[in-house]
Amino acid sequence: MIRPLVQIELYKIFKKWRTYIGFIAIGGLVIIIETAMLFEGQKSLDFMTRNLRDSFAFFGNLLNGFLISYLILNMLAVHIPFLITLVAGDLLAGEATAGTYRILLTRPVSRFQVVWSKFLAGNIYTLSLVIWLGIVSLGIGAIMFGFGELIVIGKDSIIILDRADVLWRFLFAYAFAALGMSVVCSLAFFFSSLVENAIGPIIATMSVIIVFIIISAINIEIFRTIRPYLFTNYILSWRLLFDTPVDTAKIVEAVIILLGHIVVLFGITAIIFKRKDILS
Amino acid sequence: MNSEEKIIEVSDLTKDFKEVKAVDSLSLNVIRGDVFGFLGPNGAGKSTTIRLLLTLIKPGAGTIKIFNKHLISERKSILKDVGAIIENPDFYMYLSAFKNLEILNRISGREIGSKRIMETLEIVGLSERADSKVKTYSHGMKQRLGIAQALLHDPELIILDEPTTGLDPQGMKEIRDLITFLCKEKNKTIFLSSHILSEVEQVANRMIIINKGKKIVEGNVRDLLNASDLKVSVEVLEIENAEQLIRQSQWADKLISRNEHTMIFNIQTDEIANLNKYLVENNFSVTAIVPTKSLETYFLKITEEAV
Chain A
0 MIRPLVQIEL
10 YKIFKKWRTY
20 IGFIAIGGLV
30 IIIETAMLFE
40 GQKSLDFMTR
50 NLRDSFAFFG
60 NLLNGFLISY
70 LILNMLAVHI
80 PFLITLVAGD
90 LLAGEATAGT
100 YRILLTRPVS
110 RFQVVWSKFL
120 AGNIYTLSLV
130 IWLGIVSLGI
140 GAIMFGFGEL
150 IVIGKDSIII
160 LDRADVLWRF
170 LFAYAFAALG
180 MSVVCSLAFF
190 FSSLVENAIG
200 PIIATMSVII
210 VFIIISAINI
220 EIFRTIRPYL
230 FTNYILSWRL
240 LFDTPVDTAK
250 IVEAVIILLG
260 HIVVLFGITA
270 IIFKRKDILS
Chain B
0 MNSEEKIIEV
10 SDLTKDFKEV
20 KAVDSLSLNV
30 IRGDVFGFLG
40 PNGAGKSTTI
50 RLLLTLIKPG
60 AGTIKIFNKH
70 LISERKSILK
80 DVGAIIENPD
90 FYMYLSAFKN
100 LEILNRISGR
110 EIGSKRIMET
120 LEIVGLSERA
130 DSKVKTYSHG
140 MKQRLGIAQA
150 LLHDPELIIL
160 DEPTTGLDPQ
170 GMKEIRDLIT
180 FLCKEKNKTI
190 FLSSHILSEV
200 EQVANRMIII
210 NKGKKIVEGN
220 VRDLLNASDL
230 KVSVEVLEIE
240 NAEQLIRQSQ
250 WADKLISRNE
260 HTMIFNIQTD
270 EIANLNKYLV
280 ENNFSVTAIV
290 PTKSLETYFL
300 KITEEAV
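Residue numbers (numbering that gives the first Met the number 0), protein chains in the order written: chain A, 0 to 279; chain B, 0 to 306.
Next comes the structure, spelled out in structure tokens:
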């Protein structure tokens with residue numbers, strides 16, 4: 000029974016105009032960034048490597064599709080969550096606003112089936128958004144810049160990855176990014192179960208993410224203590240995939256923590272939804 | 000099939016919203032084949048009761064059995080044979096009527112097919128607008144679509160909460176005719192909540208009146224009406240002579256007032272024919288007899304008494 004329910008939820012999601020805002024925004028943003036990099040990218044790369052140029056000589060096509068895609072993926076934590084909450088925040092609250100809970104929940108399906116199918120559909124949307132990001136950033140990057148070695152500049156290190164060694168890292172990085180965004184989806188979905196208007200979950204989710212990111216960015220003792228408990232601390236752990244060697248243990252730990260968040264958030268949402276009196 | 004088979008059996012149903020008792024120890028029975036009127040003033044607890052019957056909210060106490068099955072434990076199997084409209088008919092506005100019904104049909108897990116969907120839309124007069132988005136529909140059209148979704152899977156029990164709200168008089172009549180048709184021709188059992196009392200009076204065979212969540216009275220519509228006096232306005236030619244005759248007859252005590260063309264009597268329903276006969280036998284031409292007291296007056300009286 001879940002499969003048709005998920006299909007229905009996806010149909011409903013993709014019949015709404017707001018669903019395409021995310022795809023249009025990402026597509027547009029990537030084109031703008033890559034066009035800007037076409038004209039100004041070399042300057043930016045020179046600026047990024049200014050301190051290293053005294054000690055190293057750089058050869059080859061360093062301003063390439065991999066580098067641009069890597070930089071774009073870094074924007075993920077702040078920008079894409081907003082696009083996800085537009086849809087995920089509406090999944091349950093939207094039914095309450097429209098009054099359609101009444102026709103939906105008087106059908107011979109359990110509430111768990113309803114909430115589970117909506118959750119899966121929301122995550123499929125999230126996954127599709129991240130896949131779209133990967134396709135457009137790598138695709139347009141390849142067309143405009145071609146591919147080459149990837150230069151990853153850290154605080155106190157520089158890693159240059161061979162062209163043949165990069166693509167698999169991107170595939171895993173996008174998979175990891177999808178997992179991180181799934182936590183955002185789960186959070187928006189949770190807020191969506193509490194209210195009867197989709198604006199609330201969008202604002203609440205973005206507020207949580209912004210507050211967590213700020214706490215993570217401010218380097219004082221009390222925030223350092225809290226940081227390991229904030230999911231935003233792990234959303235950008237895909238960067239670990241571009242280290243050499245890759246710290247698998249840290250990545251697995253981040254995956255487990257993010258999965259834990261998803262399970263807990265969905266569990267609470269399911270309990271709330273199951274007990275909810277439908278008064279809308 | 001037992002003709003007295005209970006389709007809905009509610010016992011001591013109670014639902015509180017914080018301090019407010021929305022439904023208070025309510026018990027009722029709906030028999031197979033009934034058009035069961037569910038009456039009460041605004042805020043009486045009608046919609047809350049219907050939401051309880053459809054598991055949209057959970058009871059604080061009491062039990063509900065539908066088709067002789069416990070609602071909580073056998074919810075899915077019960078809802079397969081229940082169609083319902085609850086208050087305003089709300090749909091996915093960005094989808095067409097056909098698509099809305101198709102989705103609801105798939106959720107119900109039934110393989111009905113496009114033909115049945117179109118047939119149902121035909122019944123409610125929406126087949127020509129099947130592909131229009133619901134957001135382009137008027138309130139009346141949405142109400143009809145609400146009825147269509149309730150009938151789509153051919154349920155045994157149809158629960159209708161204010162089904163004629165927002166409809167024009169013609170639309171209201173069509174719904175009443177549809178209810179009668181479904182009950183008599185299709186053997187459906189209908190639970191009809193309404194504040195339009197004449198609607199219940201015209202289509203229901205049994206009814207319950209509730210107020211402040213409590214049952215006030217339950218029974219056959221006709222018995223309940225007969226239990227109450229009616230005010231009957233009788234229009235007759237030569238009214239002065241007719242009044243004289245009445246003043247000297249057994250009807251004298253029942254004559255309340257007289258104006259230029261009519262006399263007003265306070266009598267019971269089954270006495271109307273005798274009064275008419277008496278006047279006609281005494282060579283008076285009765286041009287109209289209008290009962291001015293109906294279920295509405297009875298309803299007002301009984302709900303006021305209960306306050």
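For glycine and all other residues, C-beta sits at the position ideal for the given N, C-alpha and C.
Terminal residues of the beta strand (DSSP E) in which residue i lies
i, result
"B:Val81", "81–84"
"B:Val19", "19–30"
"B:Ala287", "285–290"
"B:Phe190", "188–193"
"B:Gly36", "34–38"
Residues near residue i in its chain [Cβ-Cβ closer than 6 Å; skip 5 each side]
i, result
"A:Thr18", "Ile12, Val86"
"A:Phe222", "Ile214"
"A:Glu8", "Ser116, Lys117, Ala120"
"B:Leu159", "Ile84, Leu191"
"B:Met0", "Here B:Met0 scores only 48 on pLDDT, less than 50, and its place in the model is too uncertain to base an answer on."
Three-state class that DSSP yields for residue i in the structure shown
i, result
"B:Asp11", "strand"
"A:Asp53", "coil"
"B:Leu159", "strand"
"A:Ile1", "helix"
"A:Phe65", "helix"
"B:Ile63", "strand"
"A:Ile219", "coil"
"B:Lys45", "helix"
"A:Leu235", "helix"
"B:Met0", "Bear in mind that a pLDDT of 48 at B:Met0, under 50, signals an unreliable position, so the number given afterwards is only what the model happens to contain. B:Met0: coil per DSSP, three-state reduction."
"A:Lys295", "No information on residue 295 of chain A is available, as it lies outside the stretch 0 to 279 that chain A covers here."
"B:Phe16", "strand"
"B:Ile6", "strand"
"A:Thr243", "coil"
Close beta carbons around residue i, own chain, < 7 Å, minus the five adjacent residues each side
i, result
"A:Ala203", "Phe190"
"B:Val34", "Ile178, Cys182, Ile189, Leu191, Val202, Ala203, Asn204"
"A:Leu44", "Leu61, Leu62"
"B:Glu237", "Phe283"
"B:Gly39", "Lys45, Ile208, Ile209, Asn210"
"B:Val279", "Val285"
Beta-carbon proximity list for residue i, same chain, < 8 Å, skipping 5 on both sides
i, result
"B:Met117", "Phe97, Ser126, Ala129"
"A:Ile1", "Gln112, Trp115, Ser116, Leu119"
"B:Ser131", "Ser95, Ala96"
"A:Met205", "Pro80, Phe81, Thr84"
Under 7 Å from the C-beta of residue i: neighbouring residues of chain A
i, result
"B:Gly108", "Met0, Pro107"
"B:Ala83", "Thr105"
"B:Ile102", "Ile7"
"B:Leu53", "Thr105"
Limits of the alpha helix (DSSP H) - the one that residue i falls within
i, result
"A:Ile32", "17–47"
"A:Val254", "247–274"
"B:Thr54", "Premise fails: B:Thr54 is in no alpha helix (DSSP H) and is neither H nor E."
"B:Pro307", "As displayed, chain B neither begins before 0 nor continues past 306, which places residue 307 of chain B out of reach and without an answer."
"B:Gly170", "168–183"
Contact list for residue i against chain B, beta-carbon separation under 7 Å
i, result
"A:Pro3", "Arg105"
"A:Thr99", "Asp89, Phe90, Tyr91"
"A:Lys14", "Tyr93, Leu94"
"A:Ile20", "The premise fails here: A:Ile20 is roughly 15 Å from chain B at the closest Cβ pair, so nothing lies under 7 Å."
"A:Lys42", "Within 7 Å Cβ-Cβ: nothing; A:Lys42 doesn't reach chain B, min ~46 Å."
"A:Lys11", "Tyr91"
Contact set between residue i and chain A, taken where Cβ atoms lie within less than 8 Å
i, result
"B:Ile56", "Asp276, Ile277, Leu278"
"B:Lys75", "Pro107, Val108, Ser109"
"B:Lys114", "By Cβ distance, chain A contributes nothing, its closest Cβ being about 20 Å from B:Lys114, past 8 Å."
"B:Leu78", "Thr105, Arg106, Pro107"
Under 9 Å from the C-beta of residue i: neighbouring residues of chain B
i, result
"A:Ile214", "What A:Ile214 touches in chain B: nothing, since even the nearest Cβ is about 37 Å away."
Residues that residue i contacts on chain A, provided the C-beta gap is smaller than 9 Å
i, result
"B:Gln148", "Ile102"
Q: Scan the stretch 201–274 of chain B and note each continuous alpha helix (DSSP H) run of 4 residues or more that stays entirely inside, going in chain order.
A: 220–225, 238–246
Q.
For a minimum of 4 consecutive residues, which ranges assigned as the alpha helix (DSSP H) are wholly contained in the stretch 157–204 of chain A?
A. 166–193
Q: Scan the stretch 65–131 of chain B and note each continuous alpha helix (DSSP H) run of 4 residues or more that stays entirely inside, going in chain order.
A: 74–78, 96–106, 113–122
(Q) For a minimum of 4 consecutive residues, which ranges assigned as the alpha helix (DSSP H) are wholly contained in the stretch 98–159 of chain A? (A) 100–103, 110–144
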